[in-house]
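As structure tokens, the structure follows; a few thoughts come after it.
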Amino acid sequence: MKLRILKALLRKELRLLASNPLIPRIIFAMPVMVMLIIPLVANLDVKNVNVTVVDNDRSELSRRIVADVDASSVLTVASVCDTYNEAILTIENGESDVILTIPRDYSKYRETIPVDVEANGVNATKGMLGVRYVSESVVATLSQWMKETGVTQTAPQISVINRYNPTLNFRNYMIPALMVVLFIIICGFLPALNLVSEKESGTIDAMNVTPVSRFTFVLSKLIPFWIVGLLVVTIGMLIGRLVYGLSPEGNIGAIYLATILFSLVMSGLGVAIANGSSTMLQSIFVMFAFIIIFQLMGGLFTPIRSMPDWAQFLTYAIPPRYYIEIMRGIYLKGATVADLWLQFAALAGFATLTCLLSAITYRKRN
Numbered sequence: 000m001k002l003r004i005l006k007a008l009l010r011k012e013l014r015l016l017a018s019n020p021l022i023p024r025i026i027f028a029m030p031v032m033v034m035l036i037i038p039l040v041a042n043l044d045v046k047n048v049n050v051t052v053v054d055n056d057r058s059e060l061s062r063r064i065v066a067d068v069d070a071s072s073v074l075t076v077a078s079v080c081d082t083y084n085e086a087i088l089t090i091e092n093g094e095s096d097v098i099l100t101i102p103r104d105y106s107k108y109r110e111t112i113p114v115d116v117e118a119n120g121v122n123a124t125k126g127m128l129g130v131r132y133v134s135e136s137v138v139a140t141l142s143q144w145m146k147e148t149g150v151t152q153t154a155p156q157i158s159v160i161n162r163y164n165p166t167l168n169f170r171n172y173m174i175p176a177l178m179v180v181l182f183i184i185i186c187g188f189l190p191a192l193n194l195v196s197e198k199e200s201g202t203i204d205a206m207n208v209t210p211v212s213r214f215t216f217v218l219s220k221l222i223p224f225w226i227v228g229l230l231v232v233t234i235g236m237l238i239g240r241l242v243y244g245l246s247p248e249g250n251i252g253a254i255y256l257a258t259i260l261f262s263l264v265m266s267g268l269g270v271a272i273a274n275g276s277s278t279m280l281q282s283i284f285v286m287f288a289f290i291i292i293f294q295l296m297g298g299l300f301t302p303i304r305s306m307p308d309w310a311q312f313l314t315y316a317i318p319p320r321y322y323i324e325i326m327r328g329i330y331l332k333g334a335t336v337a338d339l340w341l342q343f344a345a346l347a348g349f350a351t352l353t354c355l356l357s358a359i360t361y362r363k364r365n
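Residue 139 in numbering that gives the first Met the number 0 sits at position 140 of the sequence shown; the count goes up by one each step and never skips.
What follows is the structure in structure tokens.
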């Protein structure tokens, strides 16, 4: 009986969506506009680049190079590793942005042996600037060293490798995360407006006098936007592939799984806000406040590691943070669900919380 009621309510919701002249246009037009325009205009300056050093030389010159890097206003030596494999782990875990490898006997054969500088290309801007800052610091140190020791000036050799994003194209960093903007608006904003519009028109009063349970009713409101979320991410991936040539390095199924969870989070939040709103204007203002916080603190435009410590701590309560990390990890690193299990678990927790909140806050009768 409950399944039959749910099917009837879903048919009603789909008809309402189709009859609304605005919602279908938003669902199809917004993904196209966001994915086409924002990657072309978005750009950021980045400071506080974390550097991991592998000092195989352990000479006075190599120690001076490390000290000068750490003394830079834009560079920080986050860790000094004994082996290259340990340094790579800091890149993979997001603890470092650049690896500086000083080869063995570099102080003796610096004219023939290059210093290796590897960038974490997941964040293209930070990787590009980090390589430049580290390279300039090493060159300045070597030039000063040769001047002090009376050695003839020669151009130091530096080998640069960009991990995960070889071209350092900032679009590759932004495109996977831009889908968050679409889900926040389409899967969060539209359910709230849809439910409040029924309150204002009075059509929800007919539902309040029926024996339909609150969970069945809320579920009928959420399911259509879960389907819309899968449609939106599909459109986004197609545009990224056809227009910018960017395809996921990892499993597409993991992307759809993360999308389902994040759609649950945003649609549940939208319905919960609508349950507490009496007018369309109230729901718009409250939802808009969440949108601003999610976009500014989710790591979409501003790197989380560049925020103050207290702000970084607050981002753990921002659901888009986890979805952005999942999308960038799958797209650029080829990460799996096992690699990102913590982010998936966090999204699942937020999805459960918001969906329960939307059901609990719904009141059938005043």
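By construction, the Cβ of each residue, glycine as well, lies at the ideal position given by its N, Cα and C atoms.
No experiment lies behind these values; they were computed from the predicted model shown.
Next on the checklist: Pull the bridge partners of Leu99 from the DSSP assignment, please.
Outcome noted: Walking along the sequence shown from the start, residue 99 turns up at place 100. DSSP output for Leu99 lists Val52 and Val116 as bridge partner(s).
Checklist entry - How many Å lie between Ile64 and Val76 at the Cα? => result The residue given as residue 64 occupies position 65 in the sequence shown. The residue given as residue 76 occupies position 77 in the sequence shown. For Ile64 and Val76, the gap between their C-alpha atoms comes out near 11 Å.
Checklist entry - Roughly how many angstroms separate the alpha carbons of Ser276 and Pro190, rounded to a whole number? => result Reading the sequence shown from its first residue, position 277 is the one you call residue 276. Reading the sequence shown from its first residue, position 191 is the one you call residue 190. Those two C-alpha atoms are separated by around 13 Å.
Next on the checklist: To the nearest angstrom, how far is the alpha carbon of Pro30 from that of Ile291?
Outcome noted: Taking the first residue of the sequence shown as 1, we reach residue 30 at position 31. Taking the first residue of the sequence shown as 1, we reach residue 291 at position 292. For Pro30 and Ile291, the distance between alpha carbons rounds to 19 Å.
Checklist entry - If you check the beta carbons only, do Ile26 and Leu260 fall under 8 Å apart? => result Translated into the one-based positions of the sequence shown, residue 26 becomes position 27. Translated into the one-based positions of the sequence shown, residue 260 becomes position 261. Cβ atoms of Ile26 and Leu260: not closer than 8 Å.
Next on the checklist: Counting C-beta neighbours from all protein chains within 10 Å, is the total for Met0 16 or more, i.e. buried, or is it exposed?
Outcome noted: Numbered from 1 along the sequence shown, position 1 holds the residue referred to as residue 0. Caution is warranted here: a pLDDT of 48 is assigned to Met0, below 50, making its placement in the model unreliable, and no coordinate value can be reported.
Checklist entry - Can you tell which of Gly228, Ala70, Leu241 and Asn250 has the C-alpha that lies nearest to the C-alpha of Ser266? => result In the sequence shown, counting from the first residue as 1, residue 266 sits at position 267. The candidate whose alpha carbon is nearest that of Ser266 is Gly228.
Next on the checklist: Quick check: what's the CA-CA separation for Val242 versus Tyr255?
Outcome noted: Locating residue 242 in the sequence shown gives position 243, where the first residue counts as 1. Locating residue 255 in the sequence shown gives position 256, where the first residue counts as 1. Their backbone Cα atoms lie some 21 Å apart in a straight line.
Next on the checklist: Less than 6 Å between C-beta atoms, sequence neighbours within five positions excluded: which residues of the same chain meet that for Trp225?
Outcome noted: Translated into the one-based positions of the sequence shown, residue 225 becomes position 226. Cβ within range, chain order: Ser262.
Next on the checklist: Per DSSP, what are the beta-bridge partners of Arg162 in this structure?
Outcome noted: Your numbering for residue 162 matches position 163 in the sequence shown. BP columns for Arg162 point to Asn119.
Checklist entry - For Tyr51 versus Ser78, is the C-beta distance shorter than 8 Å? => result Reading the sequence shown from its first residue, position 52 is the one you call residue 51. Reading the sequence shown from its first residue, position 79 is the one you call residue 78. According to the sequence provided, residue 51 is Thr. The question's Tyr does not apply to it. In this structure, Ser78 lies closer than 8 Å to Thr51 by Cβ.
Checklist entry - If Ala334 and Gly249 are in contact, beta carbons under 8 Å, what's the gap, nearest whole angstrom? => result Mapped onto the sequence shown, residue 334 falls at position 335. Mapped onto the sequence shown, residue 249 falls at position 250. The pair is a contact, with the Cβ atoms about 6 Å apart (cut-off 8 Å).
Checklist entry - Thinking C-alpha only, which one of Tyr83, Glu91 and Asn47 is nearest Ser72? => result Start at 1 with the first residue of the sequence shown, and residue 72 comes out as number 73. Comparing Cα-Cα distances from Ser72 to each of Tyr83, Glu91 and Asn47, the minimum goes to Asn47.
Item to check | Arg362 burial status per 10 Å Cβ neighbour count (16 or more: buried) | outcome: Here the question's residue 362 lines up with position 363 in the sequence shown. Exposed, since its Cβ has fewer than 16 Cβ neighbours within 10 Å.
Checklist entry - Which residue comes first and which comes last in the beta strand (DSSP E) that contains Ser276? => result Sequence index remark: in the sequence shown, residue 276 carries index 277 (1-based). Taken as a continuous stretch (DSSP letters only), Ser276 belongs to no beta strand (DSSP E), as it is neither H nor E.
Checklist entry - Under 8 Å between the Cβ atoms of Ala310 and Met296? => result On the sequence shown, position 311 is the one that residue 310 refers to. On the sequence shown, position 297 is the one that residue 296 refers to. In contact: Ala310 and Met296 (Cβ atoms closer than 8 Å).
Next on the checklist: Am I right that Asn55 and Arg103 are in contact with their C-beta atoms under 8 Å? What's the rounded C-beta distance?
Outcome noted: In the sequence shown, the residue the question calls residue 55 occupies position 56. In the sequence shown, the residue the question calls residue 103 occupies position 104. The pair is a contact, with the Cβ atoms about 4 Å apart (cut-off 8 Å).
Checklist entry - Less than 8 Å separating the beta-carbons of Tyr322 and Ala257? => result The count along the sequence shown starts at 1 and reaches residue 322 at position 323. The count along the sequence shown starts at 1 and reaches residue 257 at position 258. In this structure, Ala257 lies closer than 8 Å to Tyr322 by Cβ.
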